[in-house]
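Comments concern the structure below.
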Amino acid sequence: MLNDLNQLNNNYKQHGYFVIRNYFSESEIVSLREVVLNFHDSWKQDNKEFYEEVAFNSSLITGSEYLNSADRIKLFNFISSTKIMQLVDCVIPTAAFMNTQLFFNPINPELKDFWHRDCQYDHDINIQKQVIKQTQVLHLRVPLFDEPGMELVPGTHTRWDNEEEFNVRQEIKGKLSNNNLSTGKTIKLGAGDILLFSADMIHRGIYGMDRLALDILVFDTAGDFADYVDDDCLPEPAILDKIKHPRLFLNSINLKKNN
Ligand SMILES: O=C(O)CCC(=O)C(=O)O
1 MLNDLNQLNN
11 NYKQHGYFVI
21 RNYFSESEIV
31 SLREVVLNFH
41 DSWKQDNKEF
51 YEEVAFNSSL
61 ITGSEYLNSA
71 DRIKLFNFIS
81 STKIMQLVDC
91 VIPTAAFMNT
101 QLFFNPINPE
111 LKDFWHRDCQ
121 YDHDINIQKQ
131 VIKQTQVLHL
141 RVPLFDEPGM
151 ELVPGTHTRW
161 DNEEEFNVRQ
171 EIKGKLSNNN
181 LSTGKTIKLG
191 AGDILLFSAD
201 MIHRGIYGMD
211 RLALDILVFD
221 TAGDFADYVD
231 DDCLPEPAIL
241 DKIKHPRLFL
251 NSINLKKNN
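Our numbering applies: residue 1 is where the sequence shown begins, and numbers increase by one.
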């Protein structure tokens, strides 16, 4: 396994992502799907208008608003399981939990899948150029059903956009953010697979099929991301006691304490 982890680390360093097929068993996915669907059903009822008009994802899945304690414990244990942590550790040995997101097909047919870097929503162009050279945020995508997957531009976790990519991402010079990119690589995903990728590389989710994908977001404790962590999404002491390997959450709790 050590050699495999070194290989995964090399893949991440070079391309900004790696995918492992059939990483989870059928029963692991069935049990995760049950918890996530409990969240999704309540969330949809509570956010009807948003869901029907503009949404393509929800977030804060581990929070206390929609899931009961038993489901939260299951989800926290999945996120910090040895299987997930060995992948996180091989890219960022000192990672902390940031958040979770759930990606689904938008109801509104006018919403198109769009290219972006996550950091573009927080920083202007000059800062984005610096951010991709610094510590990064990772997404671990766990598809709960087979889905068209993601399109990624390999290598853009550390390199800046070429002209085509920039024009599309910024929607300038007659381009739209859902135009095809000649550098894009499609990674089709099935239930049981896991895709780890840099949040700051150029990417887009591909809408279609019955997609429902849980994304776990983690960051390097060396980076300045503690403000992105919502207290309610972290395990409180009574729940913490029931998490087998709480290191990922303890790192976030400690960072927030010292912030
Ligand atoms: O799947 C999607 O719709 C978008 C995914 C994405 O942008 C992300 O995971 O950061």
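Ideal Cβ positions, reconstructed from N, Cα and C, are used throughout, including at glycine.
Residues of its chain near residue i, where Cβ-Cβ distance is below 7 Å and the 5 sequence neighbours each way are ignored
i, result
"Lys188", "Pro148 and Gly149"
"Gln128", "Arg117, Cys119 and Gln120"
Residues near residue i in its chain [Cβ-Cβ closer than 6 Å; skip 5 each side]
i, result
"Gln265", "Summary: the structure shown does not reach residue 265, with the chain confined to residues 1 through 259, and so no result is reported for it."
"Ser42", "Tyr66"
"Leu240", "Pro246"
"Thr186", "Glu151"
Whole-angstrom distance between residue j and residue i, CA atom to CA atom
i, j, result
"Val244", "Thr94", "As written in the sequence, residue 244 is Lys, which differs from the Val given in the question. Taking the straight line joining both Cα atoms gives about 18 Å."
"Asn264", "Leu195", "Beyond the ends of the chain as shown, which are 1 and 259, falls residue 264; an answer cannot be given."
"Val91", "His40", "30 Å"
"Phe219", "Leu181", "28 Å"
"Gly184", "His203", "8 Å"
"Glu34", "Ile172", "42 Å"
"Tyr207", "Leu144", "14 Å"
"Ile107", "His123", "29 Å"
"Leu176", "Ile79", "35 Å"
"Leu152", "Glu163", "16 Å"
"Ser27", "Phe18", "23 Å"
"Leu248", "Asn126", "31 Å"
"Phe166", "Tyr12", "22 Å"
"Asn3", "Phe24", "20 Å"
"Ser69", "Gln45", "20 Å"
"Phe6", "Asp89", "In the sequence on display, residue 6 carries Asn and not Phe. Going from the Cα of Asn6 to the Cα of Asp89 covers about 11 Å."
"Asn178", "Glu236", "40 Å"
"Asp161", "Gln14", "16 Å"
CA nearest to the CA of residue i, picked from the options
i, options, result
"Gln120", "Gln170, Cys233, Ile206 and Asp41", "Gln170"
"Ser31", "Leu176, Val142, Asp89 and Asn57", "Val142"
"Asp146", "Phe166, Met209 and Arg204", "Met209"
"Ala238", "Lys48, Phe76, Asp193 and Asn258", "Phe76"
"Ala96", "Val229, Leu102 and Asn38", "Val229"
"Pro109", "Leu37, Tyr51 and Gly174", "Tyr51"
"Asp231", "Ser252, Ala213, Leu214 and Leu248", "Ser252"
"His157", "Lys133, Asp46 and Asn38", "Lys133"
"Asp193", "Leu87, Gln14 and Asp161", "Leu87"
"Glu159", "Gln130, Trp115 and Glu49", "Correcting the residue type first, residue 159 is Arg in the shown sequence and not Glu. Arg159 has its Cα closest to that of Gln130, out of Gln130, Trp115 and Glu49."
Cβ-Cβ distance between residue i and residue j below 8 Å
i, j, result
"Lys242", "Ile73", "yes"
"Val54", "Leu140", "no"
"Thr221", "Leu250", "no"
"Arg21", "Asn105", "no"
"Gly16", "Gly155", "yes"
"Thr82", "Ile216", "no"
"Ile61", "Ala191", "no"
"Leu102", "Asn57", "yes"
"Gly223", "Asp113", "no"
"Asn38", "Asp71", "yes"
"Leu214", "Val36", "yes"
CB contact below 8 Å: residue i versus chain C
i, result
"Arg33", "Among the chains of the structure shown, chain C does not appear; only one protein chain is present."
Own chain partners of residue i with C-beta closer than 8 Å, once the 5 adjacent residues on each side are dropped
i, result
"Asp227", "Asn259"
"Phe225", "Ala96, Met98, Val137 and Phe219"
"Val168", "Trp115, Lys175, Leu176, Ser177, Asn179 and Leu181"
message = In chain order, what are the residue ranges of uninterrupted alpha helix (DSSP H) at least 4 long that sit wholly in the segment 48-72?
response = 48-53
task = Go through the segment 109-168 residue by residue and report every complete run of the beta strand (DSSP E) that reaches 3 residues or more, in order.
result = 137-143 and 147-152
4 or more residues per run - each alpha helix (DSSP H) lying fully within the segment 200-226 = none
inquiry  = Restricting to runs no shorter than 3 residues, where is the beta strand (DSSP E) found entirely within the segment 82-107?
reply    = 95-104
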